[in-house]
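Heads up: the sequence shown begins at 14 in my numbering, then just goes up one per residue.
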Amino acid sequence: MSLFYELIQRYDLITVFRHQNPDPDALGSQWGLVSWLKETFPNKRILALGHHLGVKPQLFETADEVDDATVAASFAIILDTSNAARIDDQRYKTAKMSLKIDHHPLGEAYATHQIVNESASSTSEIVAGLIREVMLEEPISFKAARYLYMGILTDSLNFSTANVTPVTLKNAAYLAQSHLDLPQINQDLYLIDENEFRFVTQLRSSSVVDGSLIYAIVTKTMTDACGITPNMAKEHVNDLGSVKEYEIWILFVQQDVPNTHLYNGSIRSRSLTVNDIAIRYNGGGHRLAAAVKNLTLEDIQSVIRDLKGRIHDTKNV
Numbered sequence: 014m015s016l017f018y019e020l021i022q023r024y025d026l027i028t029v030f031r032h033q034n035p036d037p038d039a040l041g042s043q044w045g046l047v048s049w050l051k052e053t054f055p056n057k058r059i060l061a062l063g064h065h066l067g068v069k070p071q072l073f074e075t076a077d078e079v080d081d082a083t084v085a086a087s088f089a090i091i092l093d094t095s096n097a098a099r100i101d102d103q104r105y106k107t108a109k110m111s112l113k114i115d116h117h118p119l120g121e122a123y124a125t126h127q128i129v130n131e132s133a134s135s136t137s138e139i140v141a142g143l144i145r146e147v148m149l150e151e152p153i154s155f156k157a158a159r160y161l162y163m164g165i166l167t168d169s170l171n172f173s174t175a176n177v178t179p180v181t182l183k184n185a186a187y188l189a190q191s192h193l194d195l196p197q198i199n200q201d202l203y204l205i206d207e208n209e210f211r212f213v214t215q216l217r218s219s220s221v222v223d224g225s226l227i228y229a230i231v232t233k234t235m236t237d238a239c240g241i242t243p244n245m246a247k248e249h250v251n252d253l254g255s256v257k258e259y260e261i262w263i264l265f266v267q268q269d270v271p272n273t274h275l276y277n278g279s280i281r282s283r284s285l286t287v288n289d290i291a292i293r294y295n296g297g298g299h300r301l302a303a304a305v306k307n308l309t310l311e312d313i314q315s316v317i318r319d320l321k322g323r324i325h326d327t328k329n330v
């Protein structure tokens, strides 16, 4: 019996957490797991926690309102979160037992147990594999499979990243058995409205090219003018990375926090390691895809200098 299944069998009250400002992998793994648990174990109480809506909130459900005593009596599963500070509800610490399921490298062992696979394309892939093992290849519900497939699709950038493996494709194929409408999922995730289209146009025109690096600094004035949120803006980082000459691309977005002028940043690279640099700036992530947090404009220039140095050092090895 796997650790995953043994822990689920042991507890009748399960709370499921994920990271702040959740992307579709965090939300997909959370709601895919919650849906499957409710359907497979109808006598258990399954609750989803989190304060932030994240991107594409219309595609996912709304988190539960849960009191402190309930969390304290539960088995907590924390998804897609490498370090404790980023969990979107710190009450996970009070749970009777906890399990971390994640795919980020250089993570923190904050839970009682952990299932971490750094080679996986997404946490949704890991969850799908765990469920697939429990189900002995029997298909799961359309609802649960759709959530998990969305997480795999987005975090793997449509199966284009280096950590897409035969296992990734097998797990995606397992989910597709649940009568998923794959073209519709792609449309739901990737079609944008006119506000986002205007934003992308401004983003490209305001970006700065510095040798093999391109970056853009997005102010709240810009997101407000385009009628989009900072979370929606950060999802467009890869709109800067489609030119083959650019080795690193970065999107800094001012946060919608009263009385502050801080920025969060998304860093992407074609082949150069960036997560070690991100760690210096309240961040971290994968080798080629990382994030930084709570930066001043001065910090932003420091991040850019460090990343330019990485490009320079690599070229002069």
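The beta-carbon is built from N, C-alpha and C at its ideal position, and this holds for glycine as well.
Residue i: which of the options sits nearest, CA to CA?
| i | options | result |
| --- | --- | --- |
| HIS64 | GLU138, ASN130, LYS156, PHE30 | PHE30 |
| ALA158 | ALA175, LYS113, VAL140 | VAL140 |
| VAL180 | GLU207, LEU16, SER134 | SER134 |
| ILE263 | VAL287, ILE241, LEU62 | VAL287 |
| TYR187 | ILE227, THR75, GLU138 | GLU138 |
| GLY41 | VAL177, HIS116, ASN130, LEU92 | LEU92 |
| PHE73 | ASP81, VAL270, ALA85, LYS156 | LYS156 |
| VAL270 | LEU149, THR242, LYS257 | THR242 |
| ASN277 | GLU260, GLU311, SER255, LEU301 | GLU311 |
| ILE27 | SER154, PHE54, MET14 | PHE54 |
| MET148 | PHE17, SER282, THR167, ASP289 | PHE17 |
| TRP44 | ASP223, GLN268, SER154, ARG283 | SER154 |
| TRP49 | SER191, SER111, ILE144, LEU182 | ILE144 |
| THR273 | LEU285, ASN295, LEU182, THR309 | THR309 |
| GLN22 | LEU66, PHE88, GLN71 | PHE88 |
| GLN6 | ALA229, LEU182, ARG300 | Coverage of the chain is limited to positions 14 through 330, which leaves residue 6 absent and any answer about it impossible. |
| TYR160 | LEU46, ARG300, ASP326 | LEU46 |
| SER15 | ARG104, GLY142, TYR105 | GLY142 |
Who are the Cβ neighbours of residue i in its own chain at under 7 angstroms, not counting the five residues just before and after it?
| i | result |
| --- | --- |
| ALA291 | ILE280, GLY297, GLY298, ALA303, ALA304, VAL305 |
| ILE100 | PHE30, HIS32, ILE91, THR94 |
| ARG283 | GLU260 |
| ALA185 | TYR162, ILE165 |
| MET235 | GLN215 |
| ASP102 | PHE30, LEU62, GLY63, HIS64 |
| LEU285 | GLU260, ILE261, ARG323, ILE324, THR327 |
How long is the line joining the alpha carbons of residue i and residue j, rounded to whole angstroms?
| i | j | result |
| --- | --- | --- |
| THR83 | SER220 | 48 angstroms |
| THR5 | PHE212 | In the structure displayed, the chain extends from 14 to 330; residue 5 sits before or after that span and is not available. |
| LYS109 | ILE59 | 15 angstroms |
| PHE265 | ASN34 | 15 angstroms |
| HIS116 | ARG293 | 20 angstroms |
| THR125 | GLU207 | 46 angstroms |
| PRO196 | GLU209 | 21 angstroms |
| ALA332 | LEU275 | The structure shown has nothing for residue 332, since the chain only spans 14 to 330. |
| ASP81 | GLN215 | 44 angstroms |
| GLU131 | LYS113 | 13 angstroms |
| ALA175 | PRO118 | 14 angstroms |
| GLU78 | ALA85 | 14 angstroms |
| ASP252 | ARG217 | 8 angstroms |
| GLN127 | ASP168 | 20 angstroms |
| HIS192 | ALA238 | 40 angstroms |
| GLY120 | VAL129 | 9 angstroms |
| ASN56 | LYS328 | 59 angstroms |
| SER255 | GLN200 | 20 angstroms |
| LEU170 | GLN71 | 20 angstroms |
| LEU66 | ASN295 | 22 angstroms |
| GLN267 | GLU146 | 42 angstroms |
| THR107 | LEU20 | 17 angstroms |
| GLY172 | LEU182 | According to the sequence displayed, residue 172 carries Phe and not Gly. Approximately 8 angstroms between the Cα atoms of the pair. |
| THR178 | LYS257 | 24 angstroms |
| ASN244 | ASN307 | 14 angstroms |
| GLY224 | TYR105 | 45 angstroms |
| LEU301 | VAL222 | 19 angstroms |
I'd like the list of long-range same chain contacts for residue i, defined as Cβ closer than 6 angstroms, with 5 residues on each side in sequence excluded.
| i | result |
| --- | --- |
| LYS51 | ILE59 |
| GLY164 | PRO37, ASP38, GLY41, SER42, SER135, SER137 |
| TYR123 | ALA97 |
| GLY240 | ASN208 |
Could you name the residues of the same chain whose beta carbon sits closer than 8 angstroms to that of residue i, not counting the 5 residues immediately before and after it, in chain order?
| i | result |
| --- | --- |
| GLU248 | ASP36, VAL68 |
| ALA189 | ALA158, TYR162, LEU195 |
| ALA76 | ALA61, LEU62, GLY63, HIS64 |
| LEU226 | TYR259, GLU260, ILE261, TRP262, ILE263, ILE317, LEU320, LYS321, ILE324 |
| PRO205 | Here residue 205 is Ile; the residue named in the question, Pro, does not match the sequence. Result list for ILE205: VAL213, in chain order. |
| TYR24 | LYS57, SER87, PHE88, LYS109, MET110 |
| LEU202 | PRO37, LYS69, LEU72, MET163, LEU166, THR167 |
Can you name the residues that DSSP bridges to residue i?
| i | result |
| --- | --- |
| ALA303 | ILE280, GLY298 |
| ALA89 | THR28, SER111 |
| GLN267 | TYR276 |
| ILE100 | HIS32 |
| LEU308 | TYR276 |
Q) Residue ranges of each alpha helix (DSSP H) run of no fewer than 4 residues wholly in the stretch 215-247, ordered along the chain? A) 233-239, 243-247
Practice problem: Note down, one range per segment and in chain order, each alpha helix (DSSP H) of at least 4 residues found wholly within the stretch 52-82. | Solution: none
- Message: Threshold first: 3 residues or longer. Then list the beta strand (DSSP E) segments lying entirely within the stretch 122-207, N to C.
- Response: 126-129
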